[in-house]
Structures are given as C-alpha cells and as structure tokens.
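In our numbering, the protein residues as written are 7 to 226.
Everything below concerns the one structure shown next.
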Amino acid sequence: MLTKTQVQEALLHIGDMFPEAECELTHSNPFELLIAVVLSAQCTDALVNKVTPGLFEKYIKPEDYVEVSQEELEQDIRSIGLYRNKAKNIKKLSQSLIEQYNGEVPQTREELMSLAGVGRKTANVVASVAFHTPAIAVDTHVERVSKRLGICRWKDNVREVEETLMKKIPKEQWAQTHHRLIFFGRYHCKAKSPQCHICPLLDMCREGQKRMKKQEARHG
DNA sequence: AACTCGGGGCA
DNA sequence: TGCCCAGAGTT
C-alpha cells in the first residue's frame, strides 16, 4: 500500500491533470441536493441535470412529492434510469422528512442513511456538501482508483476504502480528494480502458505496471 | 455475495 | 444494436 506521502504525491499529479476537478453539485438548498443525489444513483450527473431544473420548479418542499401521484412523479423523472424505484424512494423519503425531521433534511450520516434511497455514498455527499461535515464519498470511481493505485487494499469493502482514505489524507483535503479521484477515474483511470501508457502515476502504480508488462508481452 | 432495477452513451 | 455504466435494496 502507498504511504501517506505517496498518496499526497499522487493527488498532486491528479490535481495537475484535472484542475477543473471541483464540486459539481451547486444546489442552493439541502433538500434539492438530497433529491439530486438520490436521482443520480446509477446514472451520470449530466443526465440528472437535465431533469432537475424542471423538477425543482414543480416540487419545492417534501409535501409536494408526497401529494403527487406515483405515476406523475415517474413521468417527471422518466428520462433517467431506475425511475420507478427512485420515484418510490423520493416519496417515501419526503414522508420521513415530514414525520421525523419537521420537513428538514437531517445532518448526520446515520440519519441520512435511514432515509429511503440514501446509502452510504449519498449520505456522505449530502453531509459534506450541504452541511460541511468532513467526509469522503466512495463511489465506484473512487473505489477502483484507490485499489489500482494501492491507496487501499484490493479486498477492502466500501467501508474499509473510506476508512483508509480518511486515515491517509488530511481532513481538510477530503472534499478536494473526492472530486479529484472521481475525475481521474471517470476520464483517465477508466474501468475498461485505463490510460496507463500516458499516466503520470505509472511509476507508483502497481496495477498500471502490471498492465503495461502484460501489454508488452502481447506485442513481442 | 449476487442480483435487480432501466434508462442513456457509446463501440 | 447490443454491451456497459452507476448505487441502493433485497434475498
């Protein structure tokens, strides 16, 4: 596994590669953020951003989602995937906010995770972006990149990946690290075709070196 | 631990 | 045009 200093070095390189890796979520209020992140499960932010403007004009508060019919809400989010689950979860979640939290979005990860459609990743994103709770949200990009680079172990589960990242990275860098690893994973260290041949991290990346060796062997 | 949900994106 | 992606919940 990489040491703290090696992780720092890797993050600096990634920062150079993606200077634009800043927070993509700029929702003015926690409720809209929560809905947007729940919607974004299993699809890209770009896709969600197509429906949210209209959605947030029509639905302002939890009551609006509770009062609308399941079918109508499904139609309003039809263009993203998994719309039946998501519509159901959003109605249920809104009901919980009204019944248990006076219509407000709760601030702790535990409370957030108790809501329908909110798992560990979503809870971390909302807690950190809306309420500035230090957290590292581990999505598949962050997990894959952390494992390939050797920031954590291959066998680690999501919780362990999260703990290792928090241990090896200073708290004030968590938010930035989250975005850097996402950009790096999405555009460079991709699941199917990682760009190892042009990667500035190749020297410190065991997985990358393994892949390059395999490639060499195939060619000659 | 493996499967399901369901679109859009892309080869 | 068919394979691939993404996160939460269920079994």
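For every residue, glycine included, the Cβ atom is placed at its ideal position computed from N, Cα and C.
Every value quoted in this text rests on a predicted model; they were computed, and no experiment measured them.
Are three or more beta carbon pairs between the region 51-59 and the region 132-152 nearer than 8 angstroms? no
Identify every run of the alpha helix (DSSP H) within the region 63-123, keeping only runs that are complete inside it and at least 4 residues long; order them along the chain. Within the region 63-123, the complete alpha helix (DSSP H) runs of at least 4 residues fall at 68-73, 76-82, 89-107 and 115-119.
Backbone CA spacing between Gln215 and Asp209 [nearest angstrom]: Taking the first sequence and counting its residues from 1, the one referred to as residue 215 is at position 209. Taking the first sequence and counting its residues from 1, the one referred to as residue 209 is at position 203. Rounded to whole angstroms, Gln215 to Asp209 spans 7 angstroms at the Cα level.
Cβ contact check for the region 135-148 and the region 179-196: 3 or more pairs under 8 angstroms: yes
Where do the N-terminal and C-terminal ends of the alpha helix (DSSP H) with Pro36 fall, by residue? Indexing the first sequence from 1 puts residue 36 at position 30. Segment Pro36 to Leu45, the alpha helix (DSSP H) holding Pro36.
How is Ile142 classed by DSSP in three states: helix, strand or coil? The residue labelled residue 142 in the question sits at position 136 within the first sequence. Three-state result, Ile142: coil.
So, at 6 angstroms on beta carbons, what are the nonlocal neighbours of Ile104 in its own chain, with the 5 sequence-adjacent residues on each side left out? Numbered from its first residue, the first sequence carries residue 104 at position 98. Spatial neighbours of Ile104 in its own chain (CB-CB distance under 6 angstroms, excluding positions within 5 residues in sequence) are listed in chain order as Pro68.
Which residue from Ser34, Leu79, Ile175 and Arg115 puts its Cα closest to that of Ile157? Here residue 157 refers to the residue found at position 151 of the first sequence. Measuring from the Cα of Ile157, the nearest candidate turns out to be Ile175.
Looking only at its own chain, which residues have a Cβ that is under 7 angstroms from the Cβ of Ala129, when we skip the five neighbours before and after it? By 1-based counting over the first sequence, the position of residue 129 is 123. These residues qualify, in order along the chain: Arg115, Leu118 and Met119.
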